[in-house]
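Peer 1:
There are 2 protein chains.
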Amino acid sequence: MINIISGGVTAAKGFTANGVHCGVRKNRTKRDLSLIYSEKIANAAAVYTTNLVKGAPLTVTKNHIKDGKAQAIICNSGNANTCNANGIEIAEETCQLVASELKIEPNDVVVASTGVIGQPMSIEPFKKGIPELVSGLSVDCGTFASEGIMTTDTIKKEVAVSFNIGGKECKLGGIAKGSGMIHPNMATMLVFITTDCAISSKMLQKALSTDIQNSFNMLSVDGDTSTNDMVCVLANGMAENKEIIEENEDFKTFMTALNSVTVSLCKMIVGDGEGATKLLECKVFGADSIENAKLVAKSVVCSSLLKAAMFGADANWGRVLCAIGYSKADIDVNKVDVAFSSNKGEIVVCKNGAGVDFSEEKAKEILLEKEIDILINLNSGNVETTAWGCDLTYDYVKINGDYRT
Amino acid sequence: MINIISGGVTAAKGFTANGVHCGVRKNRTKRDLSLIYSEKIANAAAVYTTNLVKGAPLTVTKNHIKDGKAQAIICNSGNANTCNANGIEIAEETCQLVASELKIEPNDVVVASTGVIGQPMSIEPFKKGIPELVSGLSVDCGTFASEGIMTTDTIKKEVAVSFNIGGKECKLGGIAKGSGMIHPNMATMLVFITTDCAISSKMLQKALSTDIQNSFNMLSVDGDTSTNDMVCVLANGMAENKEIIEENEDFKTFMTALNSVTVSLCKMIVGDGEGATKLLECKVFGADSIENAKLVAKSVVCSSLLKAAMFGADANWGRVLCAIGYSKADIDVNKVDVAFSSNKGEIVVCKNGAGVDFSEEKAKEILLEKEIDILINLNSGNVETTAWGCDLTYDYVKINGDYRT
Numbered sequence: 001m002i003n004i005i006s007g008g009v010t011a012a013k014g015f016t017a018n019g020v021h022c023g024v025r026k027n028r029t030k031r032d033l034s035l036i037y038s039e040k041i042a043n044a045a046a047v048y049t050t051n052l053v054k055g056a057p058l059t060v061t062k063n064h065i066k067d068g069k070a071q072a073i074i075c076n077s078g079n080a081n082t083c084n085a086n087g088i089e090i091a092e093e094t095c096q097l098v099a100s101e102l103k104i105e106p107n108d109v110v111v112a113s114t115g116v117i118g119q120p121m122s123i124e125p126f127k128k129g130i131p132e133l134v135s136g137l138s139v140d141c142g143t144f145a146s147e148g149i150m151t152t153d154t155i156k157k158e159v160a161v162s163f164n165i166g167g168k169e170c171k172l173g174g175i176a177k178g179s180g181m182i183h184p185n186m187a188t189m190l191v192f193i194t195t196d197c198a199i200s201s202k203m204l205q206k207a208l209s210t211d212i213q214n215s216f217n218m219l220s221v222d223g224d225t226s227t228n229d230m231v232c233v234l235a236n237g238m239a240e241n242k243e244i245i246e247e248n249e250d251f252k253t254f255m256t257a258l259n260s261v262t263v264s265l266c267k268m269i270v271g272d273g274e275g276a277t278k279l280l281e282c283k284v285f286g287a288d289s290i291e292n293a294k295l296v297a298k299s300v301v302c303s304s305l306l307k308a309a310m311f312g313a314d315a316n317w318g319r320v321l322c323a324i325g326y327s328k329a330d331i332d333v334n335k336v337d338v339a340f341s342s343n344k345g346e347i348v349v350c351k352n353g354a355g356v357d358f359s360e361e362k363a364k365e366i367l368l369e370k371e372i373d374i375l376i377n378l379n380s381g382n383v384e385t386t387a388w389g390c391d392l393t394y395d396y397v398k399i400n401g402d403y404r405t
Numbered sequence: 001m002i003n004i005i006s007g008g009v010t011a012a013k014g015f016t017a018n019g020v021h022c023g024v025r026k027n028r029t030k031r032d033l034s035l036i037y038s039e040k041i042a043n044a045a046a047v048y049t050t051n052l053v054k055g056a057p058l059t060v061t062k063n064h065i066k067d068g069k070a071q072a073i074i075c076n077s078g079n080a081n082t083c084n085a086n087g088i089e090i091a092e093e094t095c096q097l098v099a100s101e102l103k104i105e106p107n108d109v110v111v112a113s114t115g116v117i118g119q120p121m122s123i124e125p126f127k128k129g130i131p132e133l134v135s136g137l138s139v140d141c142g143t144f145a146s147e148g149i150m151t152t153d154t155i156k157k158e159v160a161v162s163f164n165i166g167g168k169e170c171k172l173g174g175i176a177k178g179s180g181m182i183h184p185n186m187a188t189m190l191v192f193i194t195t196d197c198a199i200s201s202k203m204l205q206k207a208l209s210t211d212i213q214n215s216f217n218m219l220s221v222d223g224d225t226s227t228n229d230m231v232c233v234l235a236n237g238m239a240e241n242k243e244i245i246e247e248n249e250d251f252k253t254f255m256t257a258l259n260s261v262t263v264s265l266c267k268m269i270v271g272d273g274e275g276a277t278k279l280l281e282c283k284v285f286g287a288d289s290i291e292n293a294k295l296v297a298k299s300v301v302c303s304s305l306l307k308a309a310m311f312g313a314d315a316n317w318g319r320v321l322c323a324i325g326y327s328k329a330d331i332d333v334n335k336v337d338v339a340f341s342s343n344k345g346e347i348v349v350c351k352n353g354a355g356v357d358f359s360e361e362k363a364k365e366i367l368l369e370k371e372i373d374i375l376i377n378l379n380s381g382n383v384e385t386t387a388w389g390c391d392l393t394y395d396y397v398k399i400n401g402d403y404r405t
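Which chain is which? The protein sequence lines are A and B, in order.
Residues in the first sequence are numbered from 1 upward in steps of one, following our numbering.
Residues in the second sequence are numbered from 1 upward in steps of one, following our numbering.
1) Expressed to the nearest angstrom, what Euclidean distance is found between the alpha-carbon atoms of residue 69 of chain B and residue 329 of chain A?
2) At a CB distance below 9 Å, what residues from the region 222-238 of chain A approach chain B? Give them in sequence order.
3) So if I threshold CB-CB distances at 7 Å, which residues from the region 4-37 of chain B count as touching chain A?
4) Does residue 160 of chain B pass the burial test, meaning 16 or more other C-beta atoms within 10 Å, or should it be called exposed?
5) Under 8 Å between C-beta atoms, does residue 321 of chain A make it to chain B?
6) In terms of residue numbering, what span does the alpha helix (DSSP H) encompassing residue 310 of chain A cover?
7) Quick one: which chain A residues come within Cβ less than 7 Å of residue 311 of chain B?
8) For the beta strand (DSSP E) that contains residue 318 of chain B, what are its first and last residues?
9) Specify the secondary structure class of residue 192 of chain A as computed by DSSP and reduced to three states.
10) So which of A/167, A/234 and A/265 has the shortest CA-CA distance to residue 240 of chain A?
11) Are there 16 or more other CB atoms within 10 angstroms of the CB of residue 28 of chain B, so buried, or fewer, so exposed?
12) Say whether chain A places a C-beta atom closer than 8 Å to the C-beta of residue 53 of chain B.
13) Tell me which same chain residues have a C-beta within less than 6 Å of the C-beta of residue 257 of chain A, skipping the five on either side of it?
14) Please identify, using Cβ separations under 9 Å, the residues of the region 80-99 of chain B that lie next to chain A, in order along the chain.
15) With distances taken from CA atoms, which of A/72, A/259, A/243 and A/245 is nearest residue 217 of chain A?
16) Mind checking if residue 308 of chain A is an interface residue toward chain B, Cβ cutoff 8 Å exclusive?
17) Quick check on the DSSP output: what are the complete alpha helix (DSSP H) runs of length 4 or more inside the region 32-87 of chain A, in order along the chain?
18) Between residue 293 of chain A and residue 141 of chain A, is the Cβ-Cβ spacing less than 8 Å?
19) Taking Cβ to Cβ, would you say residue 340 of chain B is nearer than 8 Å to residue 349 of chain B?
20) If distances are taken between C-alpha atoms only, which option among A/396, A/323, A/365 and A/395 comes closest to residue 376 of chain A?
21) Can you tell me the Cβ-Cβ gap for residue 277 of chain A and residue 234 of chain A, rounded? I've got them flagged as a contact below 8 Å.
22) Quick check: what's the CA-CA separation for residue 35 of chain A versus residue 21 of chain A?
23) Kindly list the residues whose CB is nearer than 7 Å to the CB of residue 88 of chain B, restricted to its own chain and excluding five residues on each side of it in sequence; keep chain order.
24) Round the Cβ separation of residue 110 of chain A and residue 91 of chain A to the nearest angstrom and send it over; I've been treating them as touching at under 8 Å.
25) Can you check the region 217-261 of chain B for any beta strand (DSSP E) of at least 3 residues that lies completely inside it and give the ranges in chain order?
26) Give the interface partners of residue 317 of chain B over in chain A, defined as CB-CB distance under 9 Å, in chain order.
27) Starting from residue 341 of chain A, follow its DSSP beta bridges and name the residues at the other end.
28) Per DSSP, which residues does residue 157 of chain B bridge with? Please list them.
29) Spell out whether any CB of chain A is found under 8 Å from the CB atom of residue 272 of chain B.
30) Just list the beta strand (DSSP E) runs in the region 97-143 of chain A, keeping only unbroken ones of 3 residues or longer that don't cross its boundaries, in chain order.
31) Can you pull the chain B neighbours of residue 350 of chain A, defined as C-beta to C-beta under 8 Å?
32) Can you name the start and end residues of the beta strand (DSSP E) that residue 386 of chain B belongs to?
33) Give a yes or no on whether the minimum CB-CB distance between residue 355 of chain A and chain B is below 8 Å.
34) Less than 8 Å between CB atoms is the rule here; does residue 393 of chain A satisfy it with respect to chain B?
35) So who's on the other strand from residue 329 of chain B, going by DSSP bridges?
36) Helix or strand or just coil, what does DSSP make of residue 19 of chain A?
Printed below as a string of structure tokens:
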């Protein structure tokens with residue numbers, strides 16, 4: 001039984017957070033530095049972008065997290081600290097500043113950055129911001145942390161759940177930043193999750209690495225895999241449940257709780273994709289394998305042509321078939337059924353790979369909604385999966401035509 | 001020595017063509033049916049889309065071209081004849097109508113369609129249009145054929161060259177249609193090429209299959225591999241050169257002539273990509289293998305983020321690095337140099353994987369031009385390649401937000 005509760009990274013026991021404006025960004029009204037802190041040292045797990053060009057913070061974090069432990073997460077927005085000559089230095093010094101202010105070890109600090117790639121970066125804003133961050137740490141300021149990591153995001157993204165393990169109430173919550181350079185490949189954005197559940201570092205990593213295959217790896221905003229992606233989970237054990245150290249029922253419960261948070265964050269990320277006006281959920285049924293199901297679902301949510309058609313509320317299902325056809329999935333296109341659905345109902349547009357008569361008026365009504373399901377039945381088995389995406393709009397072009405200025 | 005000459009598919013001896021409005025499209029001012037005819041039966045070669053969802057005409061053409069011979073090419077725009085229950089029937093009947101009017105064999109007719117996928121299609125417009133097409137066949141009407149295959153293209157695309165084989169002047173010319181659903185994978189658009197050069201079917205296929213690896217497979221408009229792509233070459237031998245039947249000097253000359261036409265058509269296609277305002281040419285140098293060079297070049301021209309930056313004339317080179325990083329090429333990102341160039345000069349923006357100081361003003365001046373070169377030196381070998389793309393603009397979204405109506 002998983003219950004949605006209020007809050008984000010400070011919902012779990014023993015976690016506080018904060019977000020401030022420190023000056024990495026010029027806009028003084030935008031928080032640009034966030035800190036998450038666990039009063040007890042926590043077990044930690046993370047996954048990273050597979051892009052060969054990696055932000056310097058990822059290298060530092062990987063090193064710090066090697067021992068499976070961490071106590072704080074520091075993250076700035078406005079500058080990705082990527083392709084900078086002194087990037088590692090800056091990231092290390094940031095951890096030292098955090099550690100000295102919190103009186104913890106520098107190698108228990110996770111560091112992340114997001115923003116423009118290849119811009120010079122100074123340590124000065126961190127020197128100013130970190131003491132302010134630390135002095136304001138609180139449960140209530142968790143929401144400021146979710147704001148401090150935003151780039152072109154228009155809404156903050158936080159969610160939390162509670163669940164029960166062996167009679168102990170556990171909580172798990174997370175924050176995420178989208179909203180461009182988002183494409184399935186390992187982790188594809190910044191997500192920080194905290195929990196008071198007691199779980200070993202090894203099982204925490206296993207839970208995270210398994211979960212992202214069906215959550216963050218199944219979403220795309222624009223096909224560009226970022227250089228700075230990271231999903232990091234801290235588990236401080238303060239719920240006092242019996243520590244999860246194997247794949248038992250408790251682990252399953254934890255996985256379900258984790259998945260409910262990661263899928264919620266996925267939907268928030270694509271719903272707030274750069275310029276997006278619609279959240280697309282592509283559900284593939286009747287596949288003979290999970291590989292084929294995933295190839296089809298991802299290919300459809302990544303198609304620029306389909307995404308533009310969804311923006312225009314145009315039931316151009318031929319573009320769904322086209323994207324299925326080039327997905328590299330091994331499927332029989334003559335068995336494919338396609339339907340669109342939303343709050344306004346469902347409409348079948350293709351049966352056995354060919355068009356069927358349908359009401360364009362009804363289709364328009366369905367597609368004018370903000371959340372659209374694209375339902376694909378491959379009629380070849382029992383495997384199903386879901387991928388998430390968004391529409392392609394004028395505003396995506398506007399936002400990215402001149403992002404740096 | 002390859003000379004650019006005027007004309008397109010009727011530049012070579014013995015070829016005539018025509019294009020008319022037959023009624024597949026409602027807009028009466030738009031030609032929607034094209035015919036290319038060789039007075040002598042020609043050797044024929046073709047390559048097709050790798051999309052599993054294939055237009056019915058491709059199945060029919062593959063069958064007709066099995067014997068390496070063809071004498072006519074018929075192509076309509078406005079309806080892709082894809083995902084239609086009676087698609088094969090329609091395509092076969094179209095060939096029969098052409099054959100009976102031209103007094104040739106139906107299986108010497110190549111048939112192609114382009115337009116919306118999954119729309120019902122009627123044979124009636126073809127019954128009306130084909131006699132009109134045939135009666136108007138001429139060298140001068142070759143340009144009408146280039147118009148009849150256009151979809152969202154805004155300019156017609158034709159080019160021709162002359163070259164010399166064994167003292168005989170040969171000519172080779174082609175027409176192409178772009179301009180959306182264009183992405184490197186086998187052939188990625190409709191292209192018809194004619195030549196009077198004498199070359200065996202086998203060597204013609206070899207020339208075409210080799211050439212597309214460095215021409216059409218290296219371009220992308222929007223990452224969507226079409227269901228109806230086809231490149232077809234007819235060679236009627238009327239230049240009376242000694243027939244090319246092996247990989248000799250004559251074959252090399254023919255390959256050079258073919259490549260000059262295919263690359264010209266590539267540039268026309270991306271320059272007229274849906275909504276495009278800029279032609280992007282990504283030149284990769286210093287690669288250790290052609291595979292790595294191609295992965296890098298294609299990844300860069302396919303990046304939505306970079307394409308939007310180019311639309312905004314924003315020298316956001318971090319997006320070039322990002323696209324190199326996720327290209328799956330095995331390269332050392334710390335050796336990568338990047339520069340932008342155009343008619344207004346060249347500017348280095350990244351050395352050894354890190355930013356260098358550059359004048360934003362000068363970069364803007366360079367990037368405001370219509371043809372932009374993105375120069376990438378991997379500094380790891382001597383292999384080079386080129387890929388072509390276009391910018392991502394408001395008009396791409398506009399065109400594709402409501403393509404069907």
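Ideal Cβ positions, reconstructed from N, Cα and C, are used throughout, including at glycine.
Peer 2: Put simply:
1) 33 Å
2) 222, 223, 224, 225, 226 and 227
3) none
4) buried
5) yes
6) 304-311
7) 397 and 401
8) No beta strand (DSSP E) holds residue 318 of chain B; the alpha helix (DSSP H) holding it covers 318-325.
9) strand
10) A/167
11) exposed
12) yes
13) 2, 161, 163 and 172
14) 80, 82, 83, 84, 85 and 87
15) A/259
16) yes
17) 56-64
18) no
19) yes
20) A/323
21) Incorrect: roughly 35 Å between the Cβ atoms, too far for contact.
22) 12 Å
23) 56, 59 and 60
24) Going by Cβ atoms, the distance from residue 110 of chain A to residue 91 of chain A rounds to 10 Å, so no, they are not a contact pair.
25) 230-235
26) 83, 117 and 118
27) A/346 and A/373
28) B/176
29) no
30) 109-116
31) 83 and 118
32) 383-390
33) yes
34) yes
35) Answer is none; residue 329 of chain B lacks a bridge partner.
36) strand
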